[in-house]
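Numbering (my numbering), first residue to last: 318 to 462.
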Ligand SMILES: [Zn+2]
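Listed below in structure tokens is the structure:
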């Protein structure tokens with residue numbers, strides 16, 4: 318079983334601490350699952366991957382862990398149309414690209430300040446807490462990555 322690196326562990330502990338929570342083996346394992354394979358898994362996928370590392374964990378616990386990670390700001394929820402919520406541990410500013418053919422979601426880094434610039438289009442009465450940017454389409458032929 319792959320363990321969380323020291324740096325990731327500190328990130329986890331610090332963020333949980335700020336929101337008044339503790340790092341538990343379950344939370345560490347779920348966070349590790351998200352960091353190891355950054356393909357925006359759904360809760361079901363996170364559960365399957367976590368279970369292979371921690372066979373006794375329940376779906377309810379995985380859900381709780383995901384909720385805790387989201388509320389402490391370590392993981393973002395990604396909602397695409399009517400699909401189940403996906404989870405993304407990438408906290409750097411980025412957009413998502415949703416491939417309609419495969420259903421996969423990719424991270425697209427955006428230059429610093431881009432998301433803030435987008436917020437500038439909002440009239441002053443709308444105060445945004447966050448911005449999400451999702452591109453939809455398909456991968457160009459010959460590009461499997
Ligand atoms: Zn992402």
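Think of the CB as a built atom: it goes at the ideal place given N, C-alpha and C, for glycine as much as any other residue.
Discussion item. Quick check: is any heavy atom of ligand 1 less than 6 Å from the C-beta of residue 361?
Written reply: no
Fill in: Minimum length 3: unbroken beta strand (DSSP E) runs contained in the segment 357 to 425
393 to 395, 403 to 405, 411 to 416
Item to complete: Using alpha carbons as the reference points, say which of 423, 428, 446 lies closest to residue 454.
Response: 423
Worksheet item: According to the Cβ coordinates, are residue 436 and residue 448 closer than 7 Å?
Response: yes
Discussion item. Using a 10 Å radius around the Cβ and a threshold of 16 neighbouring Cβ atoms, would you call residue 493 buried or exposed?
Written reply: Outside the modelled stretch of the chain, which goes from 318 to 462, sits residue 493, for which no answer is possible.
Worksheet entry | Range covered by the alpha helix (DSSP H) that runs through residue 347 | 342 to 353
Worksheet item: So who's on the other strand from residue 453, going by DSSP bridges?
Response: 415
Practice prompt. Select from 373, 444, 338, 418 the residue whose C-alpha is nearest the C-alpha of residue 387.
Written response: 338
Worksheet item: Helix, strand or coil: how does DSSP classify residue 332 here?
Response: helix
Fill in: residue 444 - DSSP class collapsed to helix/strand/coil
coil
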